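The working numbering runs 15 ahead of the 1-based position in the sequence shown. All remarks here apply to the structure that follows.
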Amino acid sequence: MIDFSHVHKHYGSLHVLKDINLVFKRGEVVVICGPSGSGKSTLLRTINRLEKIDAGLISVNGRPLPTRERDINRYRQGVGFVFQSFNLFPHLSALENVTLALRRLQGQSVQEAQASGIRLLGRVGLQDKAHVRPDHLSGGQQQRVAIARALAMKPPLILFDEPTSALDPEMVGEVLAVMRELVSDGMTMVCVTHEMGFAREVADRVIFMADGAIVEDAPPEPFFTHPGNPRLRTFLADVR
Ligand code: ADP
Ligand code: MG
16 MIDFSHVHKH
26 YGSLHVLKDI
36 NLVFKRGEVV
46 VICGPSGSGK
56 STLLRTINRL
66 EKIDAGLISV
76 NGRPLPTRER
86 DINRYRQGVG
96 FVFQSFNLFP
106 HLSALENVTL
116 ALRRLQGQSV
126 QEAQASGIRL
136 LGRVGLQDKA
146 HVRPDHLSGG
156 QQQRVAIARA
166 LAMKPPLILF
176 DEPTSALDPE
186 MVGEVLAVMR
196 ELVSDGMTMV
206 CVTHEMGFAR
216 EVADRVIFMA
226 DGAIVEDAPP
236 EPFFTHPGNP
246 RLRTFLADVR
């Protein structure tokens, strides 16, 4: 589905992605972990073209990522993105946050969009919060609204960037539960997270990044049980 070939990215003189070679297959669940500053968010952002790359090629379903603004916008509608900081519109209700794209981008009628929105909020367990604004929702609830919003355009691929890191510990579980549901529905998912229990349980592959490079890319069993790389061993000892 997504293919990275010799991808490089710099911020000025900082080399943040160094020769990334990767394939994400349809239906796959991939977890990316690694120390802060290792380039995980940048990698994720290159997938939906929030960041440009300097060298190499990223292709989607066998074709290079679009470059024209119009094509990029259309492509992005097919990639759900969930951020650490939720990024909900504060002046809109949960339902309005979820239905915005359906109204604006798909031109759905109010009734149509609301029906989809209620169904999506039901999927994340928040049907009863449809008319509540984000500041009256807990962090976990806000993140579940953000997931419902990311699902609204029925994206074939969803990206998560540390979706639980900004949450109080007691709210992490409810968000991971929603993500597990998506996995069992067969969603293709790339998730940056340090929730190693989640990775062990649902990931097909776990990737460890350090210093802009992919250091390890393996199924959970060898990744966690026999981590070959010394930096990975140190990292795992620290996050546990
Ligand atoms: P991670 O998500 O693994 O913590 P990032 O991809 O956010 O890492 O960042 C990788 C490196 O690039 C870090 O050193 C960070 O400070 C730097 N960086 C990230 N975004 C920018 C930016 N917009 N401009 C300049 N440097 C950036
Ligand atoms: Mg990050």
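For each residue, glycine too, the CB sits at the ideal point set by N, CA and C. All of these numbers come straight from a predicted model, not from anything done at the bench.
Out of 223, 197 and 235, the CA that lies nearest to the CA of residue 245 is found in 223.
In this structure, residue 152 places its C-beta atom within 8 Å of the C-beta atom of residue 160. For residue 155, the uninterrupted alpha helix (DSSP H) run begins and ends at 154-166, by DSSP. Contact between residue 211 and residue 255 holds: their C-beta atoms lie close to 7 Å from each other, under 8 Å. Minimum Cα-Cα distance from residue 135 among the listed residues 217, 113, 250 and 181 corresponds to 113.
Counting the other CB atoms within 10 Å of its CB gives residue 70 a total below 16, which places it among the exposed residues. Per DSSP, the unbroken beta strand (DSSP E) holding residue 231 starts and ends at 228-233. Residue 106 places its beta carbon 8 Å or farther from that of residue 68. Within the same chain, Cβ atoms closer than 6 Å to the Cβ of residue 180 are found at 99, the five residues on either side in sequence being excluded. Looking at the backbone, the Cα of residue 163 and that of residue 48 are separated by about 24 Å.
With fewer than 16 other CB atoms across the displayed protein chains lying within 10 angstroms of its CB, residue 40 is exposed. When distances are taken from the beta-carbon of residue 57 to the heavy atoms of the ligand ADP, the shortest one is below 7 Å. Boundaries for residue 67: no beta strand (DSSP E) harbours it, and the DSSP string shows neither H nor E there.
For residue 198 against residue 44, the beta-carbon gap comes to about 5 Å, under 8 Å, which counts as contact. Checking the 7 Å criterion, the Cβ of residue 180 is out of range of every heavy atom belonging to the ligand ADP. In the three-state reduction of the DSSP assignment, residue 116 falls in the helix class. Shown here for residue 57: same chain residues with a beta carbon closer than 7 Å to its own, the five before and five after excluded, namely 24, 31, 32 and 66 in chain order. Residue 237 sits in a helix when the DSSP states are folded into three classes. Taking the C-beta atoms as reference points, residue 157 is found nearer than 8 Å to residue 101. When secondary structure is reduced to three states using DSSP, residue 220 falls in the strand class.
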